[in-house]
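With this note's numbering applied, the sequence shown covers 7 to 360. Worksheet: the structure to be examined is printed underneath.
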Amino acid sequence: MQLSSIVASPKQLLQLCISTLHCLLASVFSKVSSWTAGTCKGSTSPVSPVDGKLDQNKVQNATTPTSVNYHFTRKCNYKCGFCFHTAKTSFVLPLEEAKRGLKLLKESGMEKINFSGGEPFLHDKGEFLGKLVQFCKQDLQLPSVSIVSNGSMIKEKWFQKYGDYLDILAISCDSFDEETNQLIGRAQGRKSHLDNLYKIRNWCQQYKVAFKINSVINTFNVDEDMTESITQLSPVRWKVFQCLLTDGENAGEKALREAERFVISDQLFQEFLDRHSSVSCLVPESNEKMRNSYLILDEYMRFLDCREGRKDPSKSVLDVGVKEAICFSGFDEKMFLKRGGKYVWSKADMKLEW
Numbered sequence: 007m008q009l010s011s012i013v014a015s016p017k018q019l020l021q022l023c024i025s026t027l028h029c030l031l032a033s034v035f036s037k038v039s040s041w042t043a044g045t046c047k048g049s050t051s052p053v054s055p056v057d058g059k060l061d062q063n064k065v066q067n068a069t070t071p072t073s074v075n076y077h078f079t080r081k082c083n084y085k086c087g088f089c090f091h092t093a094k095t096s097f098v099l100p101l102e103e104a105k106r107g108l109k110l111l112k113e114s115g116m117e118k119i120n121f122s123g124g125e126p127f128l129h130d131k132g133e134f135l136g137k138l139v140q141f142c143k144q145d146l147q148l149p150s151v152s153i154v155s156n157g158s159m160i161k162e163k164w165f166q167k168y169g170d171y172l173d174i175l176a177i178s179c180d181s182f183d184e185e186t187n188q189l190i191g192r193a194q195g196r197k198s199h200l201d202n203l204y205k206i207r208n209w210c211q212q213y214k215v216a217f218k219i220n221s222v223i224n225t226f227n228v229d230e231d232m233t234e235s236i237t238q239l240s241p242v243r244w245k246v247f248q249c250l251l252t253d254g255e256n257a258g259e260k261a262l263r264e265a266e267r268f269v270i271s272d273q274l275f276q277e278f279l280d281r282h283s284s285v286s287c288l289v290p291e292s293n294e295k296m297r298n299s300y301l302i303l304d305e306y307m308r309f310l311d312c313r314e315g316r317k318d319p320s321k322s323v324l325d326v327g328v329k330e331a332i333c334f335s336g337f338d339e340k341m342f343l344k345r346g347g348k349y350v351w352s353k354a355d356m357k358l359e360w
């Protein structure tokens, strides 16, 4: 074997040095670019090169978690094709740990909690959810407690037991045509999603819970006119979302859903909004408004940073506290206010005719 086959030439050594230098620079740039305006994405804590601790000024000036969305479960009985919080785990915190986290959030300034999933009524047949709702209203005295559900698992006895503690119940409904809901995956077998919707609307009226509807506008329902049905149901709010792609959830190689075929353009979304401009309770949310304007906690009580088009988790509130964890949320408070995130959200202040 010739020596030249095992010993690099000066030219090869130079190329190796240049390549190594490129790798080092790329690594440094990657770390620097993950910082924006005093926050850091992902689960890597921003540290001081001197003492290895989080900058206490950033912690002290952290955003107040006025309104928080707690997705305590990822499991769901529906298979909506555009779902952007999928069943990647089956984990649910023990009840007392969840309560401890909610108490920490209240102590940090939380005024509104929204429970979501997955399907929040699925775990323990709604009892786990009911106990959290009661705790937040009765023990923590929160001004607003709300839920987002597909409505399929809700029973009247739940309202009888926990309705007094709930301010708002939002039911997700993307179409007033059963076949369209089936195509989207907003269904379980051949059960009628719309029958459940109207039944729950009546229960909300009976048990004094403000009724809300959430709709995701996509390729299957973008041409639909829902004016008559929404007017008849008369929700306090009709939240209308533009279908959103989230890497690792409904887009990308590791995603459990493939939502690309559901995505609509900004123009088509605007045309849908224009068609429903007479509906006074309509609250539109484009991709731009929605992506970073929610404080989202996952099943481990980690804030999720969505700025890079995916969900990068912070450390858990239960481990590091609210102020430190929220520094990694990527939350855009200005957009939260711009989209109308702060509104009359306590049923005691809504002056509804029950």
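Heads up, the beta-carbon is just placed ideally off N, CA and C, and yes, glycines get one too. For clarity, every value in this text was computed on a predicted model and none was experimentally measured.
Of the residues E234, E339 and L358, the one whose Cα lies closest to the Cα of V74 is E339.
In this structure, the beta-carbon distance from R196 to C86 does not fall below 8 Å. Annotated three-state conformation of D304 is coil, per DSSP. Q248 sits in a strand when the DSSP states are folded into three classes.
With contacts defined as CB atoms closer than 8 Å, F278 and C249 fail to qualify as a contacting pair. N298 is the residue among Q144, N298 and F127 whose C-alpha sits nearest the C-alpha of M341. Apart from sequence neighbours up to five positions away, the residues of its chain that approach S198 with a beta-carbon distance below 7 Å are E184, ordered along the chain.
The beta-bridge partner set that DSSP reports for F217 consists of L175. Under the three-state reduction of DSSP, Y84 is assigned to coil, being neither helix nor strand. Residue state for A261 is assigned as coil, using DSSP reduced to three classes. Beyond the five residues adjoining it in sequence on each side, K94 comes within less than 7 Å, by CB distance, of R80 and L262 in the same chain, given in chain order. In terms of CA proximity to E103, Y306 leads the group L189, G132 and Y306.
Between F247 and I219, the C-beta gap is not smaller than 8 Å, which leaves the two residues out of contact. In this structure the stretch 150-163 does not touch the stretch 105-112; the number of beta carbon pairs closer than 8 Å is below three. Taking a C-beta distance under 8 Å as the contact criterion, E125 and Y84 qualify as a contact pair.
Taking C-beta atoms under 8 Å as the contact rule, I160 and F121 fail to qualify, at a distance of about 13 Å.
In the DSSP assignment, D201 falls within the alpha helix (DSSP H) that extends over H199 to Q212. Rounded to whole angstroms, the Cβ separation of P71 and G115 is 6 Å, and the two are in contact under 8 Å. Between R308 and S320, the C-beta gap is smaller than 8 Å, which places the two residues in contact. For E117, there is no enclosing alpha helix (DSSP H), as DSSP marks it with neither H nor E. Under DSSP, F309 takes part in a beta bridge, and its partners are L303.
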